[in-house]
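Take a look at the structure set out below.
Number of protein chains: 2
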Amino acid sequence: MTTVLVVEDDPSILRGLADNLRCEGYDVLTASDGETGRKMQQEKSPDLIVLDLMLPRVSGLELCRKLRADGVQTPILMLTARSEEADRVLGLDLGADDYVTKPFSVRELMARIRAILRRTQTQTNLPDELRFADVEIDFRKYEARRRGSPVEMTRKEFAILRLLAARAGEVITRDELLNEVWGFESYPVSRTVDNHVAGLRAKLERDASRPEHIKTVHGVGYKFVA
Amino acid sequence: MTTVLVVEDDPSILRGLADNLRCEGYDVLTASDGETGRKMQQEKSPDLIVLDLMLPRVSGLELCRKLRADGVQTPILMLTARSEEADRVLGLDLGADDYVTKPFSVRELMARIRAILRRTQTQTNLPDELRFADVEIDFRKYEARRRGSPVEMTRKEFAILRLLAARAGEVITRDELLNEVWGFESYPVSRTVDNHVAGLRAKLERDASRPEHIKTVHGVGYKFVA
DNA sequence: ACTGATCTGACAATTTCATGACATTTCAGC
DNA sequence: GCTGAAATGTCATGAAATTGTCAGATCAGT
Numbered sequence: 053m054t055t056v057l058v059v060e061d062d063p064s065i066l067r068g069l070a071d072n073l074r075c076e077g078y079d080v081l082t083a084s085d086g087e088t089g090r091k092m093q094q095e096k097s098p099d100l101i102v103l104d105l106m107l108p109r110v111s112g113l114e115l116c117r118k119l120r121a122d123g124v125q126t127p128i129l130m131l132t133a134r135s136e137e138a139d140r141v142l143g144l145d146l147g148a149d150d151y152v153t154k155p156f157s158v159r160e161l162m163a164r165i166r167a168i169l170r171r172t173q174t175q176t177n178l179p180d181e182l183r184f185a186d187v188e189i190d191f192r193k194y195e196a197r198r199r200g201s202p203v204e205m206t207r208k209e210f211a212i213l214r215l216l217a218a219r220a221g222e223v224i225t226r227d228e229l230l231n232e233v234w235g236f237e238s239y240p241v242s243r244t245v246d247n248h249v250a251g252l253r254a255k256l257e258r259d260a261s262r263p264e265h266i267k268t269v270h271g272v273g274y275k276f277v278a
Numbered sequence: 053m054t055t056v057l058v059v060e061d062d063p064s065i066l067r068g069l070a071d072n073l074r075c076e077g078y079d080v081l082t083a084s085d086g087e088t089g090r091k092m093q094q095e096k097s098p099d100l101i102v103l104d105l106m107l108p109r110v111s112g113l114e115l116c117r118k119l120r121a122d123g124v125q126t127p128i129l130m131l132t133a134r135s136e137e138a139d140r141v142l143g144l145d146l147g148a149d150d151y152v153t154k155p156f157s158v159r160e161l162m163a164r165i166r167a168i169l170r171r172t173q174t175q176t177n178l179p180d181e182l183r184f185a186d187v188e189i190d191f192r193k194y195e196a197r198r199r200g201s202p203v204e205m206t207r208k209e210f211a212i213l214r215l216l217a218a219r220a221g222e223v224i225t226r227d228e229l230l231n232e233v234w235g236f237e238s239y240p241v242s243r244t245v246d247n248h249v250a251g252l253r254a255k256l257e258r259d260a261s262r263p264e265h266i267k268t269v270h271g272v273g274y275k276f277v278a
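Protein chains in written order, with this note's numbering: chain U, 53 to 278; chain W, 53 to 278.
Dropping the structure here:
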């Protein structure tokens, strides 16, 4: 379960955000000032913090600084009242964190939150290499071998296999694959995934029509088993 | 913990930078004049120095020169008030690693800082020489030979090959090559990389249209294999 | 000004990708 | 076990993205 901490002093906005986030399936913690926010973070260590820049007592910026000083790596999404503040806040992190200016559209905010979580939660545990049966794969070198001899694989095939392998045994839906491998740039039909999986099987399975490692879970998605 | 020293006389800018840097998770030291800055450097040896060109008493330029004269290797990022070409060049010649002109966007500055730190902290040991097939290269002398006879190569070709060889087998993206080989002097299009690679192949490969050592990984980048 | 290095943009060659039609498999309900 | 609808496998094809190549413009050093 993914937990989001929202620190915001305006009760109506706080309420609205919390409702929407819960509606999206997140576990939601709330705080209406920086002190409480910091305590919440320490006790519950959420996966994401949504932080209002303007807060009573401890400002959002200060809280951010304190959290980082505590060594907290949790991604932070800032809510700023004016876009002039955006530049200042953007110093947060080009790659990991983000900001949204008020008044914001809930839809956009949710999209940003999903994006941040996707980036931070998946980036971590992708394997650099993989071995199973007579296959060896080095994802950094983009090299695949079977019984020692090289196998040509495409970028997408490497990416798909890497994700499946990162969560070996677990079923990954086509939508997840589309999100992780393709990102938000393009939205191909989920059928496309099947084709790439077919490619993987043709290249890596002993008998592509009876796959032993890249398995189909009917009605759900695919899974990799070593 | 990564430590950044900021030398800047304008208190509001100093404060803003310090806040943002702390928020990014850096340990921050501050100084408002060159003398103090130099002392700080000696006592704390930070990982990066952000230096205002215009400072009271000892100018940023002088400080930069002095530090380098002291043998200090710490990367220096210069803040310049105006986009005076002369100042830029001087700063770079004196050993500054990068510069940003005021008024700067915090976002850009933070990005530059991250980039410098990434470059200096993950610095790969570049090889001084390289041999493969019938080719011998001495990167220090900028000399290349094939079957014993000299081959003319350009500086960029040497630099690209050296980086590829330093991480032999690994795929290097065009963006990485642009960052490492070109640095901040210029921002050529990634297409340019291809051309230099073509040059390398023409000079070093047995059959440039079927490269055996400087390989393309379609959709990703290039890699060198011995 | 001359020279070689470098950069850029155009075009062609190549590889990869996405899509839809059709075949096959799976599974729920008989 | 059957049967049929839904899901998946398979394949061909054209589109799109990526890279190779080259000529000319620009830049830097002499």
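All residues carry an ideal CB built from backbone N, CA and C; glycine is no exception. Note that the structure is predicted; figures quoted are calculated from it, not measured.
Residue from the options with nearest C-alpha to residue i
i	options	result
U/R192	W/K208, W/V223 and W/R192	W/V223
U/F276	U/V58, U/K208, U/R214 and U/D61	U/R214
U/I266	U/R90, U/K96 and U/E209	U/E209
W/I128	W/A211, W/V59, W/H270 and W/C75	W/V59
W/P98	W/D259, W/F184 and W/T54	W/T54
U/D62	U/L131, U/R90 and U/E95	U/L131
U/M106	U/Q94, U/S84 and U/P263	U/S84
W/D180	W/G273, W/N72, W/V203 and W/E195	W/E195
W/M162	W/R262, W/E204 and W/V56	W/V56
W/V187	W/N177, W/L178 and W/S201	W/S201
U/N72	U/V269, U/R166, U/R219 and U/A217	U/R166
U/R207	U/A260, U/Y239 and U/I189	U/I189
W/L216	W/T88, W/I168 and W/N177	W/N177
W/R199	W/R74, W/R258 and W/I212	W/R258
W/D79	W/K96, W/A220 and W/R164	W/K96
W/C75	U/T88, U/G221, U/Q94 and U/T126	U/T126
U/L182	U/L169, U/T268, U/A220 and U/E228	U/A220
U/I168	U/E232, U/T268, U/T88 and U/G89	U/E232
W/R109	W/Q94, W/R90 and W/V124	W/R90
Endpoints, alpha helix (DSSP H) assigned at residue i
i	result
U/V249	S242 to L256
W/L229	R226 to L229
The beta strand (DSSP E) enclosing residue i, as first and last residue numbers
i	result
U/G273	G273 to F276
W/S261	Note, W/S261: premise wrong, no beta strand (DSSP E); not H, not E.
U/E181	E181 to F184
U/A211	Per DSSP, U/A211 belongs to no beta strand (DSSP E); it is in the alpha helix (DSSP H), R207 to A218.
U/P202	S201 to V203
U/V58	T55 to V59
W/D190	V187 to D190
W/V223	Counting along the chain, W/V223 falls outside any beta strand (DSSP E), and DSSP gives it neither H nor E.
U/K195	Before going further, note that residue 195 of chain U is Glu rather than Lys in the sequence given. It spans E195 to R198 - the beta strand (DSSP E) in which U/E195 sits, taken as one unbroken run.
U/V102	L100 to D104
W/L131	I128 to T132
Inter-residue CB distance, residue i and residue j (contact presumed, cutoff 8 angstroms)
i	j	result
U/E100	U/M92	In the sequence under discussion, the amino acid at residue 100 of chain U is Leu, which differs from the Glu named in the question. Going by Cβ atoms, the distance from U/L100 to U/M92 rounds to 13 angstroms, so no, they are not a contact pair.
W/L115	W/G86	4 angstroms
U/L119	U/G112	Not really, about 10 angstroms apart at Cβ, beyond 8 angstroms.
U/F184	U/A278	5 angstroms
U/S242	U/L230	6 angstroms
U/R226	U/G271	Not confirmed; about 11 angstroms, so no contact.
W/R253	W/P263	5 angstroms
**Message:** If contact is defined by three or more beta carbon pairs under 8 angstroms, each pair taking one atom from either stretch, is the stretch 63-76 of chain W in contact with the stretch 247-260 of chain U?
**Reply:** no
**Runs of beta strand (DSSP E) wholly within the stretch 61-92 of chain U (minimum 3 residues, chain order)** = Taken in chain order, the whole beta strand (DSSP E) runs of length 3 or more contained in the stretch 61-92 of chain U are 79-83.
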